[in-house]
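Enquirer: Taken in order, these protein sequences are the chains called A and B. Residues 1 to 609 in the working numbering are what the first sequence spells out, letter by letter. Residues 610 to 1218 in the working numbering are what the second sequence spells out, letter by letter. Think of the CB as a built atom: it goes at the ideal place given N, C-alpha and C, for glycine as much as any other residue. Given the structure is predicted, the values throughout are model-derived calculations rather than measurements.
There are 2 protein chains.
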Amino acid sequence: MSGPELWRELGQQLRVDAVRASAEAGSGHPTSSMSAADLAAVLLADHFRYDLDDPKSPANDRLIFSKGHASPLVYGLFRAAGAISEEEFMTYRQLGSRLQGHPTPVLPWVDVATGSLGQGLPIGVGLALAGKRLDRLPFRVWVICGDSEMAEGSMWEAIEHAAFYELANLTAIIDVNRLGQRGETMHGWNLDYYSARLRSCGWRAIEIDGHDVEAVDAAYREAEASDRPTAVVAKTLKGKGYSKVEDQEGWHGKAVAEEGVQELGGVRNIRIDLPKPEARERHRFDTPGGEWPRYEVGSSVETRKAYGEALAALGDDRSDVVALDGEVSNSTYAEIFRDAHPDRYFEMYIAEQQLVAAAVGMQVLGWKPFASSFAAFMSRAYDFIRMAAISRANLRLCGSHAGVSIGEDGPSQMALEDLAAFRAVHGSTVLYPCDGNQTAKLVAAMGDLDGISFLRTTRAKTPVIYSPDDDFPIGGAKVPRDGDDVTLIGAGITLHEALEAAESLDAEGVSARVIDLYSVKPIDVATLRESAEATQGRVVVAEDHWAEGGLGEAVLSALVGLELSFEHLAVREMPGSGTPDELLSAAGIDAEHIADAARKLVQAEAVAR
Amino acid sequence: MSGPELWRELGQQLRVDAVRASAEAGSGHPTSSMSAADLAAVLLADHFRYDLDDPKSPANDRLIFSKGHASPLVYGLFRAAGAISEEEFMTYRQLGSRLQGHPTPVLPWVDVATGSLGQGLPIGVGLALAGKRLDRLPFRVWVICGDSEMAEGSMWEAIEHAAFYELANLTAIIDVNRLGQRGETMHGWNLDYYSARLRSCGWRAIEIDGHDVEAVDAAYREAEASDRPTAVVAKTLKGKGYSKVEDQEGWHGKAVAEEGVQELGGVRNIRIDLPKPEARERHRFDTPGGEWPRYEVGSSVETRKAYGEALAALGDDRSDVVALDGEVSNSTYAEIFRDAHPDRYFEMYIAEQQLVAAAVGMQVLGWKPFASSFAAFMSRAYDFIRMAAISRANLRLCGSHAGVSIGEDGPSQMALEDLAAFRAVHGSTVLYPCDGNQTAKLVAAMGDLDGISFLRTTRAKTPVIYSPDDDFPIGGAKVPRDGDDVTLIGAGITLHEALEAAESLDAEGVSARVIDLYSVKPIDVATLRESAEATQGRVVVAEDHWAEGGLGEAVLSALVGLELSFEHLAVREMPGSGTPDELLSAAGIDAEHIADAARKLVQAEAVAR
């Protein structure tokens, strides 16, 4: 069996399998799978080149289900390709099964988790960019999209960027089944609407009947030959093939009865042997080596600038390091990397979702992307970061301009929630350096970190207090000043305030220990507990962040069970504009307030005695 | 002076003022203001109807600077309109000044904070929707957009929704000055690109020279007469009028020298008397009154369903309550409100940024929007929520399907970071009910709350344990079970697990007190401390959330200074699919694990004794 007959039969098999798996599970999205089954069948049978035994091969085509809820279809494809057994197939949605409700990389043939709509296509842009500009290999990126998710702005960020970067290796297959979760989409079967929008962005758009397998095949051939990104805009029927649910409302995300299997002609066991792509070497960039930045103790430099300089140096050493920025590279200093390694730099413009998604796509292929923007604007991509953790992505993010210390620009530009947000990402590493040498070492360490790491940098110049030869292990803390009356904890900008506070306390005979909590997560529990105990439980934390979820609460978690006299200085009122010093003072997190808080703790105990 | 002469002179005045204010401040974005000055001048002089003495009047036109960094232009307009004095004008960006680096509603004529790009137009959609469908008044919404921010997908969510809802009362003025922060935008002066995209979405697009004031006026007249949303796509010069910076790179966000004032022809003091709009009554919806939902103790109901039923009842009582949902109203149960009050319900499709932005726009006019989606997908709008706090917006958000307890759908659909994210929003209220009656009371309370409130609901049915007549004050906690050996703290789904644990502990002679922390923020410090002390500092917290920034850390902050034996049960490994019970157990947050943790605390102390 081959050609149209095969495609049709395989389409039916995929529909039958979607019905079977979700009927067994008692939940799932069979109808959303059935609409796209013919689109997927033709792709698998005659277009997709993939080595199942080597899923990470850079020669492989990539397939992303942006409409991740069509997971029965994803798993049906794997069954048809012989990657999973019938037995495993029927474990869909059970505890411990690799076949989760939405696809995740627990399965080796799934590159990224989907299920939050609107993310697969932007990630596909990252993969296609890597194929064109990094690996320089002719693999294709296929993304199966739902029509509902075309309402997500992130899809149009992807469409704009794909056209701008002329990603002819990217094909979006839009399954226009007309029906969203709770009713019709905005545009129903108005295929022309989608096509016109796509074309206005510079895409090729091909409208077809998504159940006409020959038209599907022809469209894919056209996409493969296209000189630009191509969308196959396919009119389909949700629940296609089972009359009880076909094109009916009220069947989204619901298992349908096994009787559907009969109407669809029963179980099939077609097996597709995927053609392996030709083995090819991926491009590697030259690594000239070079100087690692070293800052003189006593000088001053912005940690954001040290980020850029260290990243450029890391690129000198490592071929796999790439950088992306969201149109603020002269603020984050990613421009230093761009100037040093223009071929490995990607301008993502003011589109933070696409920025993070592109990085997620690139890391699938083993690249080590560092993506930067203002830390405040990382909040724009928070859903993408959350999903990246489910994707087991190795992602390096840098957010600059943290906190009120940015000064005059005002609160819209101040990240004050980023530590809380990033701490609450599974497996994340959260770093917040206070000086240039520390920043450089942490950037180097990020190159080897798994999972999602976030580096928070500061706009202002800060004094260099550490030697370029000091080490800053992830999960560690520094104690730049010893003392036994009170522990002052800061990080980034407030570390310097804490040091200044310690100085003035010292003049009054109060001996303050200062802890530099540069590794906010993981946190150095041992050093913190030791210090708290050495200072009779007196602890002051100062952070340029809201009071919730940041340094203060991280420290409390680390010190749980100890008897503490604890003062938590954090930003508690909405800041406005002002100079950095004025705003640090107004927020009550500068040296003077830290010293006051320390005095209060020391005196309270003196009174108690 | 009137007509073109006035427009041109006023445009020069606005440019001069942008130069003056930012030169005095030593920072700011004069060049981004200068490009849009003529566009703003014509608007102010001859199109904008506004009562400066009654900024909240529903008859007023609304003006949003989506490109919020053009704040010198915003404040220059207020000076020209006589709203602020020359003296105040020159306080730009100083500590305590209302004239912050980016506009905020500290100024009564600024409706919403901008400065995170891509947000003004989606908020404008909310205002225009309110004008058309809620207030039913003929005011116009004008939004001045930058070209750089057109890369944000949220702008295209707004454009799609504006066309779908046929918002002829909305005009976007796109200031295409070609230059972003660090260089040229993707499309430079390719006005056709923007126009084609806008038209493909159903907008009218008018291309003009943005410094040809007569063309600007004609375009505005066309927009005012348009039967659909209209974009004025204006080619402009960044830094227009001062040769040293005009159309030059490297001048974004930098003060320019006072010498620019001379080249621009010196200081002017044109004063525009804004025409006041005709006073009109806003539409009010009927409030039929009706039954408040009451759930029988011992029955069970999903808290998400109680949300929908209570919201519908609130709409029966209050004319100002409206609801929006992101295409999941049959999951969040916002559909119950939709069916009861179709005229006050807005389907925002799968576009969570637009969902939240529309709510922000509507609350400007005094409406009380409740916006709902899966709690996981609220992360998509986190930047909008952060900015809404700076806007001093009164926003009610409901996130359903929280935590691993959703079961089979898997981690992409599970909110596990939402409590951390929402706690770290300034002035927020975070609520997490465990039963139907509690949910209903909290929904009622949200109707009167200022600031941003978030209600976290659960997918599964949970037992009704409270009477419909119980009260649940914001900032309170319930103690549904008393005891003196150990305190068990839960909320939502884990509250029921804690109660079950207490039951089994009781059988072993361990007396557990249970606290229902339905008000996560503000938190009931007194009840928590009293309970911890009454149970010898033994406290177990169980939460269906990551360990960071949620219930556990909120409790630690509340109990700071007490000597605790603390066990924190939270989700610590990436969950997969499974039944709710399986996943609660796998995460270690079910009754059995809570009881084990409690035993450990009690026994440890027994051993110590």
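Between the Cα of B/Arg1068 and those of B/Ser938, B/Ala1121 and B/Glu961, spot the shortest distance and give me the residue it belongs to.
Expert: Here the question's residue 1068 of chain B lines up with position 459 in the second sequence. Of the candidates B/Ser938, B/Ala1121 and B/Glu961, the one whose C-alpha sits nearest the C-alpha of B/Arg1068 is B/Ser938.
Enquirer: Can you tell me which residues form a DSSP beta bridge with B/Val555?
Expert: In the structure as shown, chain B begins at 610 and stops at 1218. Residue 555 of chain B is therefore absent and cannot be evaluated.
Enquirer: Can you say whether A/Ser2 is buried or exposed, counting buried as having 16 or more other CB atoms within 10 angstroms of its CB?
Expert: Locating residue 2 of chain A in the first sequence gives position 2, counting from the first residue. So A/Ser2 ends up on the exposed side.
Enquirer: Does the beta carbon of B/Glu633 sit closer than 8 Å to a beta carbon anywhere in chain C?
Expert: Of the chains in the structure shown, none is chain C; the protein chains are A and B.
Enquirer: Is it buried or exposed for A/Gly410, if we count other Cβ within 10 angstroms and need 16 for buried?
Expert: In the first sequence, counting from the first residue as 1, residue 410 of chain A sits at position 410. That one is buried.
Enquirer: Please decide whether A/Asn330 counts as near chain B, where near means a Cβ-Cβ distance under 8 Å.
Expert: Taking the first sequence and counting its residues from 1, the one referred to as residue 330 of chain A is at position 330. Closer than 8 Å to some Cβ of chain B, the Cβ of A/Asn330 qualifies, so yes.
Enquirer: I need the DSSP call for B/Tyr774, collapsed to helix, strand or coil.
Expert: Your numbering for residue 774 of chain B matches position 165 in the second sequence. Of the three classes helix, strand and coil, the one that applies to B/Tyr774 here is coil, per DSSP.
Enquirer: Going by other Cβ atoms of all chains shown within 10 Å of its Cβ, with 16 needed for buried, is B/Ala915 buried or exposed?
Expert: Residue numbering aside, residue 915 of chain B sits at position 306 when the second sequence is read from its first letter. Flag for B/Ala915 reads buried.
Enquirer: Can you give me the C-alpha to C-alpha distance between A/Arg20 and A/Ala234, rounded to a whole angstrom?
Expert: Taking the first residue of the first sequence as position 1, residue 20 of chain A is located at position 20. Taking the first residue of the first sequence as position 1, residue 234 of chain A is located at position 234. Between A/Arg20 and A/Ala234, the C-alpha separation is close to 25 Å.
Enquirer: Cutting at 6 Å between CB atoms, please list the residues of its own chain near A/Glu309, excluding the five before and the five after it.
Expert: Taking the first residue of the first sequence as 1, we reach residue 309 of chain A at position 309. Pro293 and Ile336.
Enquirer: Just to confirm the assignment: which complete beta strand (DSSP E) runs, minimum length 3, are found wholly within the region 196 to 267 of chain A?
Expert: Whole beta strand (DSSP E) segments, 3+ residues: 204 to 209 and 230 to 235.
Enquirer: For the region 360 to 368 of chain A against the region 127 to 140 of chain A, are there 3 or more C-beta pairs whose distance is under 8 Å?
Expert: The region 360 to 368 of chain A is in contact with the region 127 to 140 of chain A.
Enquirer: Would you verify that the beta carbon of A/Gly266 is, or is not, closer than 8 Å to some beta carbon of chain B?
Expert: On the first sequence, residue 266 of chain A is found 266 positions in, with the first residue counted as 1. Not closer than 8 Å to any Cβ of chain B, the Cβ of A/Gly266 fails to qualify, so no.
Enquirer: Compile a chain-ordered list of the residues in the region 722 to 743 of chain B whose CB is closer than 8 Å to at least one CB of chain A.
Expert: Those residues of the region 722 to 743 of chain B that come within reach of chain A (Cβ to Cβ, closer than 8 Å) are Ala722, Thr723, Gly724, Ser725, Leu726 and Gly727.
Enquirer: Using three-state DSSP, classify A/His545 as helix, strand or coil.
Expert: By one-based count along the first sequence, residue 545 of chain A stands at place 545. In this structure, A/His545 counts as strand in the three-state DSSP scheme.
Enquirer: With the cut-off set at 8 Å, would you say B/Thr1144 and B/Ile1102 are in Cβ contact?
Expert: As a first step, residue 1144 of chain B must be located in the second sequence, where it is residue number 535. As a first step, residue 1102 of chain B must be located in the second sequence, where it is residue number 493. No. Outside cutoff.
Enquirer: If you measure beta-carbon to beta-carbon, which residues of the region 805 to 828 of chain B are closer than 9 Å to chain A?
Expert: From the region 805 to 828 of chain B, only Ala805, Arg806, Leu807, Arg808, Ser809, Cys810 and Gly811 have a Cβ closer than 9 Å to chain A.
Enquirer: Would B/Arg704 pass as an interface residue toward chain A - the criterion being a Cβ-Cβ separation below 8 Å?
Expert: Along the second sequence, one-based indexing puts residue 704 of chain B at 95. Reading the sequence as shown, one finds Leu at residue 704 of chain B and not Arg. Answer yes: the Cβ-Cβ gap between B/Leu704 and chain A drops below 8 Å somewhere.
Enquirer: Based on the DSSP secondary-structure assignment, which residues constitute the bridge partners of B/Gly789?
Expert: Residue numbering aside, residue 789 of chain B sits at position 180 when the second sequence is read from its first letter. Answer by DSSP bridge pairing: none, since B/Gly789 is not bridged.
Enquirer: Against chain A, with Cβ distances strictly below 8 Å, would B/Met610 count as a contact?
Expert: Stepping through the second sequence from its first residue, residue 610 of chain B is reached at position 1. No, no contact with chain A.
Enquirer: So B/Ser757 contacts chain A; which residues on that side make the cut at Cβ distance below 8 Å?
Expert: By one-based count along the second sequence, residue 757 of chain B stands at place 148. Correct list: Glu327, Tyr349 and Ile350.
Enquirer: Tell me which residues of the region 1129 to 1146 of chain B have at least one Cβ-Cβ distance to chain A shorter than 8 Å, keeping chain order.
Expert: The region 1129 to 1146 of chain B vs chain A, Cβ under 8 Å: Lys1130.
Enquirer: Any idea what DSSP makes of A/Val321, helix, strand or coil?
Expert: For the purposes of this step, residue 321 of chain A is identified with residue 321 of the first sequence, where counting begins at 1. The answer is strand: DSSP assigns A/Val321 an E or B state.
Enquirer: Please identify, using Cβ separations under 7 Å, the residues of the region 1028 to 1039 of chain B that lie next to chain A, in order along the chain.
Expert: Cβ contacts with chain A: Ala1029, Ala1030, Arg1032, Ala1033, Val1034 and His1035.
Enquirer: Using the Cα positions of A/Ser557 and B/Glu1162, report the straight-line distance between them to the nearest angstrom.
Expert: One-based indexing of the first sequence puts residue 557 of chain A at position 557. One-based indexing of the second sequence puts residue 1162 of chain B at position 553. A/Ser557 and B/Glu1162: Cα-Cα distance of roughly 7 Å.
Enquirer: What number of angstroms, rounded off, separates the C-alpha of A/Gly610 from the C-alpha of A/Cys434?
Expert: Because chain A in this structure spans residues 1 to 609, residue 610 of chain A falls outside the shown range and cannot be described.
Enquirer: Beta-carbon separation of A/Val16 and A/Arg268 under 8 Å?
Expert: Locating residue 16 of chain A in the first sequence gives position 16, where the first residue counts as 1. Locating residue 268 of chain A in the first sequence gives position 268, where the first residue counts as 1. The answer is yes: Cβ separation under 8 Å.
Enquirer: So, do the region 686 to 702 of chain B and the region 380 to 388 of chain A have three or more beta carbon pairs nearer to each other than 8 Å?
Expert: Verdict: no, contact absent.
Enquirer: Taking buried to mean at least 16 other C-beta atoms within 10 Å of its own C-beta, is B/Pro884 buried or exposed?
Expert: Mapped onto the second sequence, residue 884 of chain B falls at position 275. Exposed is the call here.
Enquirer: Could you tell me the boundaries of the alpha helix (DSSP H) in which A/Arg338 lies?
Expert: For the purposes of this step, residue 338 of chain A is taken as residue 338 along the first sequence, with counting starting at 1. A/Arg338 -> alpha helix (DSSP H) spans Ala334 to Ala340.
Enquirer: Determine, using beta carbons only, whether A/His102 comes closer than 8 Å to chain B.
Expert: As a first step, residue 102 of chain A is located in the first sequence; it is residue number 102 there, counting from the start. Judged by the 8 Å Cβ criterion, A/His102 is in contact with chain B.
Enquirer: Cβ atoms of B/Ser641 and B/Lys847: under 8 Å apart, would you say?
Expert: Here residue 847 of chain B refers to the residue found at position 238 when the second sequence is read from its first residue. Here residue 641 of chain B refers to the residue found at position 32 when the second sequence is read from its first residue. Taking 8 Å as the Cβ cut-off, B/Lys847 and B/Ser641 qualify as a contacting pair.
Enquirer: Rounded to a whole number of angstroms, what is the C-alpha to C-alpha distance between A/Arg98 and B/Ala1156?
Expert: Counting from one through the first sequence, the residue named residue 98 of chain A turns up at place 98. Counting from one through the second sequence, the residue named residue 1156 of chain B turns up at place 547. Each residue's alpha carbon lies about 25 Å from the other.
Enquirer: Going along the chain, which residues of its own chain have a beta-carbon closer than 8 Å to the beta-carbon of B/Gln621, five neighbours each way excluded?
Expert: Counted from its first residue, the second sequence places residue 621 of chain B at position 12. Only Ala646, Gly850, Leu873, Gly874 and Arg877 meet the Cβ criterion.
Enquirer: Quick check: is the beta carbon of B/Arg913 nearer than 8 Å to any beta carbon in chain A?
Expert: Here residue 913 of chain B is taken as the residue at index 304 of the second sequence, counted from 1. Taking Cβ atoms only, chain A never reaches closer than 8 Å to B/Arg913, which makes this a no.
Enquirer: Looking at C-beta atoms only, is the number of pairs between the region 152 to 169 of chain A and the region 949 to 962 of chain B that lie closer than 8 Å three or more?
Expert: Touching, yes.
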